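Taking it in order: structure first as C-alpha cells, then the write-up.
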Amino acid sequence: MTADATGEATGDATRGHGRFGTDAPPPQGPFPPTEAMLSEPVPGDVARAQEDRLRRVWKTPEGWRYFSDVNNTSVGRWYCLTAFFFMLCAGVLALLMRLQLAVPGNDLLSADRFNQFFTLHGSAMMFLFAVPIFEAVSILILPALLGARDLPFPRLSAYGYWCFLIGGIFVMGSVLFDVAPRSGWFMYPPLATEDEGIGSDIWLLGLSFIEVASIAAAVELIVGVLKCRPPGMRVNLMPLYAWYVLVVGGMILFAFPPLIAGDLLFELERSLDWPFFDAARGGDPVLWQHLFWIFGHPEVYIVFLPSIALAAMIVPTAARRPILGYSWIVLSAVGTGFLSFGLWVHHMFTTGLPTLSLGFFSAASEAVVIPTGVQLFAFVATLMAGRVKMSLPMLWIAGALAIFTAGGLTGVMVAIAPFDWQVHDTYFIVAHLHYTLFGGMVFPVIGGVYYFFPVITGKELSNRLGRWAFWLIFAGFNLAFLPMHLTGLKGMPRRVFTYPGDLGLNWLNLVSTVASFVIAAGFAVFLWDLLRPKGSRRTPRNPYDAGTLEWSQSPEGETWGVRSIPYIHTRYPLWQQERILERMDAGRYYLPDAEAGQRETIITSVIDARPLQVLRLSGPTWVTMLAALFTGGTFILPTFKMYAPALICGVLAAMTVLYWLWTATARIPERETVDAGLGLKLPVYVSGSGSVGWWAMWITMLGDSTAFASLVFGVFFYWTARSDYPPPGSDHADPWLAGAALAAALLSWGLTLVARGLNRRRRRGARLALAAALPATMAAGAALFYALRLPGLDPVTHVYPASMWVLVVWAGAHLGLGLVMQGYCLAGLTFGRITPRHDAPMWNVSLYWHFLALTMLVTVATLAVVPRVM
Amino acid sequence: MIDDPTLEQEQEFAEEEASLIKLTFGPLIWAAHFVLSYGAAAVVCAKFPAAIAPLRWAIAGVTLPALAGILWLAWLAWRQWDFFDRDESHDRSGERRHEFLGQAAFLLTVPSFIGTVYTALPALFAGTCR
Chain Z
1 MTADATGEAT GDATRGHGRF GTDAPPPQGP FPPTEAMLSE PVPGDVARAQ EDRLRRVWKT
61 PEGWRYFSDV NNTSVGRWYC LTAFFFMLCA GVLALLMRLQ LAVPGNDLLS ADRFNQFFTL
121 HGSAMMFLFA VPIFEAVSIL ILPALLGARD LPFPRLSAYG YWCFLIGGIF VMGSVLFDVA
181 PRSGWFMYPP LATEDEGIGS DIWLLGLSFI EVASIAAAVE LIVGVLKCRP PGMRVNLMPL
241 YAWYVLVVGG MILFAFPPLI AGDLLFELER SLDWPFFDAA RGGDPVLWQH LFWIFGHPEV
301 YIVFLPSIAL AAMIVPTAAR RPILGYSWIV LSAVGTGFLS FGLWVHHMFT TGLPTLSLGF
361 FSAASEAVVI PTGVQLFAFV ATLMAGRVKM SLPMLWIAGA LAIFTAGGLT GVMVAIAPFD
421 WQVHDTYFIV AHLHYTLFGG MVFPVIGGVY YFFPVITGKE LSNRLGRWAF WLIFAGFNLA
481 FLPMHLTGLK GMPRRVFTYP GDLGLNWLNL VSTVASFVIA AGFAVFLWDL LRPKGSRRTP
541 RNPYDAGTLE WSQSPEGETW GVRSIPYIHT RYPLWQQERI LERMDAGRYY LPDAEAGQRE
601 TIITSVIDAR PLQVLRLSGP TWVTMLAALF TGGTFILPTF KMYAPALICG VLAAMTVLYW
661 LWTATARIPE RETVDAGLGL KLPVYVSGSG SVGWWAMWIT MLGDSTAFAS LVFGVFFYWT
721 ARSDYPPPGS DHADPWLAGA ALAAALLSWG LTLVARGLNR RRRRGARLAL AAALPATMAA
781 GAALFYALRL PGLDPVTHVY PASMWVLVVW AGAHLGLGLV MQGYCLAGLT FGRITPRHDA
841 PMWNVSLYWH FLALTMLVTV ATLAVVPRVM
Chain X
1 MIDDPTLEQE QEFAEEEASL IKLTFGPLIW AAHFVLSYGA AAVVCAKFPA AIAPLRWAIA
61 GVTLPALAGI LWLAWLAWRQ WDFFDRDESH DRSGERRHEF LGQAAFLLTV PSFIGTVYTA
121 LPALFAGTCR
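Written out as C-alpha cells, the structure reads:
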C-alpha cells in the first residue's frame, strides 16, 4: 500500500462495490491515484491523438444542424437566452402597467387588458423566467463545476428546453391576441373557472407543459449532482452550488406535483364540468388555494436558493479565501428547503381557516428566518475574514444582500396573521415580494451572469457598463418599490387598474412609475452589454482567480469541457491542489480519450465519489425537438377544443419517445469494460441501483407519487371541509370489482418481477411471464373502470363521484404506461436489446411497477373502503 | 493489517450509503410533527369544535416525543461530529466526510427543534379554534 498525493491510502477500486441488481464487472485498478502516477508525463503524440478524437466526438453540429445539438453548453445557452427574453417581455408588461398607474383615472389600458397584463407578468416572471433560469444556469455550469463532460441525460435537457420554448411562446404570445389569462397568476376559482374565453385554459395547459419540463430538469440535475461528480469529490467537498441544486431539485419534486394535480382537477372542471371547485355541487374553491400554495410557497425558495447559491460561489472568490461555515450553509439550504413546505397557508390568512391553523403557519413562517439568516451571516463572515476585492459580480451580490434583507424584514411582518389581514392584497405585499425577488433572485442572477460569462463564452462583459447597469437598477428599484410600502399602507389595493385622485396616492404612484423606467434603462444597458459584439480576443482563463473547478474549462473554445476529469480531494482545487490545471490539460487524469468514438463521462458513487462506470452519452439528434413538438400539440390543442388532433399528437409523442429510448438508451456496448485512465478499468453497462437510469426513475416516481398524494389529499380535504361528503345515500364503488382490479395489478407486478428474475438467471419463461402480465394489466384497468361505471357514479353531479373518478383516471393512465413498459421489455427480450447481463430496462420497469402497485393499493382503498367509513 | 491506522479508519468510515438520508431525519421529525398538528387541528376544528382541550393535549403529546427524538438525533450527530477531537493527522480522509455529515446533521437539528417548539406554541396559547 502506498500513499497518494493526499496522504490517503491508495487501495483497490473494487472496494465498496456491491449494489443490488448490478451485474457489471467491478471497477479494477488503483484508486485514488498516487502522486507518482500523476507526475508521470503524457507523451506528446499520444496526447495529440487523444485531443483529435475528443474534438471529433464533442464537435458541435454546424449550420442549421446546430439546433440538433444536445450538449449542455448549447442547450444551457439557448435556455438562458430564452428565459431572459421572456423576462424582458414580462418587464415590458410591467412598464405598461406602471404607465397606466402613473396618474389617477388613467385610460391608457382598459380594465380587461390590465388584468391580462398583471396575470401574465406574474405568471411569466415565475414560470418562464425564475424557475427556468435556475434550470438553464445549472445545465450550463453544473457539469463545469463538477468537471463532468455533460449531465447524464443530455437529450432530456434538450427535450425540456424545446418544451419550455414551445409552451413559453404559447403562453406569452396569447397577450398579442387579447386572449391572455386574466385571473391573477394564482388563477383562483371560481373567478378563473367561470372565466369566459380561453385565457384560463392557456394558463393551465401551457404552464402544465412547462411544469413537466421543470420536473425533467430536476431529475437530470439531482442525478447529475449525486452521480456525476469527479472521482474523489466526497459530499463534504462539493461546491456549495451543487448542494443547493440538490436541495432545490428535491423541492421541485415535492412542490410542482401538487400544482400539476391541481391543474388536472381545474382542467377537468373547465372541459368536462367535473365540479371540484363548484360549491353548489359539493366542491370547494379553497382546495385549489391549498394545492396552488403548497406549490407556490416552496416555489419562492426554489427561486431564491439557486440564486443565493451563485452568491456562495462569488463571495469566496471576492474574499479570496474559502467560505466560512460550509456546513452552516449546507444546514441553511437543507433547513430552508424543509421549512419552506410549512408556510403555504400564510398566503391564505384571510380565507377564514381556524386561527389555530393560522398559528401553525405563522410560527413556521417565522422559523424559516433562522436558516435563511444563517447563510447571509456566513457570507458576511467570509467577507470580513478575507481580503475583499470588490469585483463587479460582488457589487451585484452586495446589492442583493441589502435588498433581500429589507424584503426579509417585511416578510417577518406579514408572517404575523393580524398584520397580514391589514395589508393583504395591497401594494405593501407588492413591495414585499419584489424586494425578496429582486434581492433574492434578480440581482444574484445578474451578478452570476457577470461572474460566469468568461467560463461560458471566453469573453468578459464590460466593467463600466456593468456598474452603470447596477446603479441604475439598484437606485431605480428602491425608488420604485420603497414608496409602494406606503402606497399599500394607505390602502391602495393590488390588481385594480386605476385609483381615485383624492386618496393621497398620486405622487407615490408617479414616483414609482418614473423609477420603473430607471430600472428599464439599467436593463437596457445590461442587455446591450450582453449582446454587443465583443471582438475576437479571448479573456485569460480564470480572470477572477477563483478556486473552483468550472474555471478549468479548456481555453480556445474547445467543446469537450475538461481535457481530463481530475481527482479531487479539496473544496477549492485550483487553490489547494498543486499543478492540477497543468495535469488536467495534459490529459493526465481520467477519461483523457474517446477511443470508442462516443461521448463519455464518469459515474461515481453518491457519498464518496468512487469511480463506478464510464457512461456513454447520447449525441446530437432531432428526435428531442420532434418529441417536444408532439408533446406541445398534446397540451396546446385542447385549449381550442381540438381533442382528436391532440390525441393524435399524444400518440405520436409517445411513439417518438419510444423510438428515442429504443435507439439511444441502454445500448449493449462492444466491450464490457473500458480503460478510464490512470490504470482504472470501469464497466460501461450497469443495471439496477448503480445505474443513472434507475436513479432517474426513482426520483421521477417520487414526484409522481407526490402528485397522486395530492389527489388523495383532496378526498380528505373535502371530507373535513364539507358536511355532505360523501353525500348521504350516495352509491359507492363496487368493492368486488375494485378488489379484482387490485388483484390483477398485483399479479401483473409479480409477473414483471418474475420475468426480471428469470431473465437474470438465464432461465426460460421471462418472455412468457411478461406476455401474461400484459392482459393482467389490461384487466386491472378494465375492472377499475367498471368499479365506478357499474354503480352509475356520474362525475358531473357531485364532487364525490368526481373525486373518485379522478383517482381512477390517474391510476388508469399509470396502468397504461405500465403496459407500454412491459411491452417495451418484451420487445427488448425478443429482439436481443435486453440480455441476462444487459437488463437495465427490466430493473427500471420493475421499479416503476413497485410504485404502481402502491398507487393501486391506495386507489382501491380510497375507492372502496374509505367512503364507507366516512 | 488492522494495525495500519489508515486502513482501519477507511473501514470504519466506509461509504455510508444512508448517511445523506440521515441528514434529513431532524427536519423530517419537524415535518411529521407539523403535519400531525395541522391535520389534527383541521379535523377537530371542522368536525368536533368542542374538543379543543383534548386536541391541545394531543398536540402536547406529539410535541414532547418529537422534541425528545430531535434531541436524541442531535446527541448522535454530535458524537459523529466529534467536535473535541481536532486531530488533523487524518485530514482529507473518509473521517473528514464522516464528521462533516455529523456536523451538518447536528446543525440541522437546531432549526428542527426551534421549528417544532414554534409549531407547538399556537396550541399552547390558542384556547379556541376561532
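Going line by line, the protein sequences match chains Z and X.
Residues 1 to 870 (this note's numbering) make up the first sequence, in order.
Residues 1 to 130 (this note's numbering) make up the second sequence, in order.
For glycine and all other residues, C-beta sits at the position ideal for the given N, C-alpha and C.
Nothing here was measured: the structure is a model prediction, and the numbers come from that model.
In chain order, what residues of the stretch 65-80 of chain X put their CB closer than 8 Å to some CB of chain C? Although the question refers to chain C, the structure presented lacks it and instead comprises the protein chains Z and X.
Suppose the cutoff is 8 Å on Cβ atoms and the five residues either side in sequence are ignored; what does the same chain contact list for I29 (chain X) look like? As a working note, residue 29 (chain X) is residue 29 in the second sequence. Excluding residues within five positions, the ones whose Cβ falls inside 8 Å are A66, G69, I70, L73, S112 and T116.
For R671 (chain Z), decide whether its Cβ has a neighbour in chain X, counting only Cβ atoms nearer than 8 Å. By 1-based counting over the first sequence, the position of residue 671 (chain Z) is 671. No - not a single Cβ of chain X is within 8 Å of the one on R671 (chain Z).
Which term fits P316 (chain Z), buried or exposed, when burial requires 16 or more other beta carbons within 10 angstroms of its beta carbon? Counting from one through the first sequence, the residue named residue 316 (chain Z) turns up at place 316. Burial call: buried.
From Z:P791, Z:L395 and Z:P132, residue whose alpha carbon lies closest to that of Y450 (chain Z): Within the first sequence, the letter at position 450 stands for residue 450 (chain Z). For Y450 (chain Z), the closest of Z:P791, Z:L395 and Z:P132 by C-alpha to C-alpha distance is Z:L395.
Let me know the secondary structure DSSP gives E558 (chain Z) once reduced to three states. For the purposes of this step, residue 558 (chain Z) is identified with residue 558 of the first sequence, where counting begins at 1. Reduced to three states, the DSSP call for E558 (chain Z) is coil.
Distance cutoff 8 Å, beta carbons only. Does W328 (chain Z) sit that close to anything in chain X? In the first sequence, residue 328 (chain Z) corresponds to position 328, counting from 1. Chain X, which has a Cβ nearer than 8 Å to the Cβ of W328 (chain Z), makes this yes.
For L265 (chain Z) versus F295 (chain Z), is the C-beta distance shorter than 8 Å? The count along the first sequence starts at 1 and reaches residue 265 (chain Z) at position 265. The count along the first sequence starts at 1 and reaches residue 295 (chain Z) at position 295. No, the Cβ-Cβ distance between L265 (chain Z) and F295 (chain Z) is not below 8 Å.
Quick check on DSSP: helix, strand or coil for P316 (chain Z)? Within the first sequence, residue 316 (chain Z) is the residue found at index 316, counting from 1. Correct three-state label for P316 (chain Z): helix.
Is it true that the CB of G466 (chain Z) sits closer than 8 Å to the CB of H432 (chain Z)? Residue 432 (chain Z) sits at position 432 when you count from the first residue of the first sequence. Residue 466 (chain Z) sits at position 466 when you count from the first residue of the first sequence. The Cβ atoms of H432 (chain Z) and G466 (chain Z) lie no closer than 8 Å to each other.
Could you tell me which chain Z residues have their CB closer than 8 Å to the CB of K22 (chain X), listed as they occur along the chain? By one-based count along the second sequence, residue 22 (chain X) stands at place 22. Here the premise fails: no neighbours, minimum Cβ distance about 11 Å.
Counting only C-beta atoms, is E366 (chain Z) closer than 8 Å to chain X at any point? Position 366 of the first sequence, counted from the start, is the residue given in the question as residue 366 (chain Z). Yes - at least one Cβ of chain X is within 8 Å of the one on E366 (chain Z).
Is the shortest distance between the beta-carbon of V300 (chain Z) and the beta-carbons of chain X less than 8 Å? If you number the first sequence from 1, residue 300 (chain Z) lands on position 300. Judged by the 8 Å Cβ criterion, V300 (chain Z) is not in contact with chain X.
Name the chain X residues whose beta carbon is nearer than 7 Å to that of L331 (chain Z)? Numbered from 1 along the first sequence, position 331 holds the residue referred to as residue 331 (chain Z). Simply A104, L107 and L108.
I want to know whether the stretch 324-337 of chain Z touches the stretch 362-371 of chain Z - three or more CB-CB distances under 8 Å. Three or more Cβ pairs closer than 8 Å define a contact, and the stretch 324-337 of chain Z meets that threshold against the stretch 362-371 of chain Z.
Pair within 8 Å by beta-carbon distance, L770 (chain Z) and L817 (chain Z): The residue given as residue 770 (chain Z) occupies position 770 in the first sequence. The residue given as residue 817 (chain Z) occupies position 817 in the first sequence. The beta carbons of L770 (chain Z) and L817 (chain Z) sit no closer together than 8 Å.
Please classify V623 (chain Z): does DSSP put it in a helix, a strand, or coil? Counting from one through the first sequence, the residue named residue 623 (chain Z) turns up at place 623. Helix at V623 (chain Z).
Would you kindly check if the distance between the Cβ of P727 (chain Z) and the Cβ of S68 (chain Z) is under 8 Å? Position 68 of the first sequence, counted from the start, is the residue given in the question as residue 68 (chain Z). Position 727 of the first sequence, counted from the start, is the residue given in the question as residue 727 (chain Z). Not a contact, by the Cβ cut-off of 8 Å.
Using a C-beta to C-beta distance shorter than 8 Å, which residues of chain X count as neighbours of T720 (chain Z)? Working through the first sequence from its first residue, we reach residue 720 (chain Z) at position 720. The answer, in chain order, is A42, V43, A46 and K47.
At a CB distance below 7 Å, what residues from the stretch 602-620 of chain Z approach chain X? Give them in sequence order. Of all residues in the stretch 602-620 of chain Z, S605, V606, I607 and D608 have a Cβ within less than 7 Å of some Cβ in chain X.
So, helix, strand or coil for I429 (chain Z), using DSSP? Your numbering for residue 429 (chain Z) matches position 429 in the first sequence. In the three-state DSSP reduction, I429 (chain Z) falls in the helix class (H, G or I).
How many angstroms separate the CA atom of K59 (chain Z) from the CA atom of Q50 (chain Z)? Here the question's residue 59 (chain Z) lines up with position 59 in the first sequence. Here the question's residue 50 (chain Z) lines up with position 50 in the first sequence. Whole-angstrom Cα-Cα distance: 14 Å.
Within 9 Å of chain X by C-beta, residues of the stretch 339-364 of chain Z in sequence order: Going along the stretch 339-364 of chain Z in chain order, one finds L339, F341, G342, V345, L353, P354, T355, L356, S357, L358, G359, F360, F361, S362, A363 and A364 with a Cβ nearer than 9 Å to chain X.
Can you tell me which of Z:A417, Z:I314, Z:V445 and Z:S327 puts its alpha carbon nearest to the alpha carbon of L383 (chain Z)? Reading the first sequence from its first residue, position 383 is the one you call residue 383 (chain Z). The residue with the shortest Cα to Cα distance from L383 (chain Z) is Z:I314.
In chain order, which beta strand (DSSP E) runs of at least 3 residues are fully inside the stretch 783-827 of chain Z? Complete beta strand (DSSP E) runs here, min 3: none at all.
Taking T656 (chain Z) as part of the alpha helix (DSSP H), name the residues at either end of that continuous run. Counting from one through the first sequence, the residue named residue 656 (chain Z) turns up at place 656. Here the alpha helix (DSSP H) through T656 (chain Z) covers Y643 to A664.
If you measure from the beta carbon of P122 (chain X) to each beta carbon in chain Z, is any gap under 8 Å? The residue you call residue 122 (chain X) lines up with position 122 of the second sequence. Output row for P122 (chain X): interface = yes.
Taking the CB atoms as reference points, tell me whether F127 (chain Z) and M97 (chain Z) lie closer together than 8 Å. Indexing the first sequence from 1 puts residue 127 (chain Z) at position 127. Indexing the first sequence from 1 puts residue 97 (chain Z) at position 97. No; because the gap between Cβ atoms is not below 8 Å, this pair is not in contact.
Provide the residue span of the beta strand (DSSP E) that contains R538 (chain Z), from first to last. Counting from one through the first sequence, the residue named residue 538 (chain Z) turns up at place 538. For R538 (chain Z), no beta strand (DSSP E) run applies, since DSSP gives it neither H nor E.
Just reading off the alpha helix (DSSP H) that P683 (chain Z) is part of, what are its end residues? Within the first sequence, the letter at position 683 stands for residue 683 (chain Z). Unbroken run through P683 (chain Z) is the beta strand (DSSP E), L680 to P683; no alpha helix (DSSP H).
Cβ of R321 (chain Z) within 7 Å of any heavy atom in the ligand NAD? The ligand content of the structure shown is nil, which means the ligand NAD is not present either.
Near-chain X residues of the stretch 150-167 of chain Z (beta-carbon distance less than 7 Å), N- to C-terminal order: From the stretch 150-167 of chain Z, no residue has a Cβ closer than 7 Å to chain X.
9 Å Cβ cut-off: residues of chain X touching R868 (chain Z): Counting from one through the first sequence, the residue named residue 868 (chain Z) turns up at place 868. R868 (chain Z) does not reach chain X, its nearest Cβ partner there being about 17 Å away, counting only Cβ pairs nearer than 9 Å.
Tell me where the beta strand (DSSP E) around A676 (chain Z) begins and ends. In the first sequence, residue 676 (chain Z) corresponds to position 676, counting from 1. Where A676 (chain Z) is concerned, the enclosing beta strand (DSSP E) stretches over T673 to G677.
Alpha carbons only, please: which of Z:V92, Z:Y66 and Z:I133 is nearest the one belonging to L81 (chain Z)? Start at 1 with the first residue of the first sequence, and residue 81 (chain Z) comes out as number 81. Minimum Cα distance to L81 (chain Z) is reached at Z:I133.
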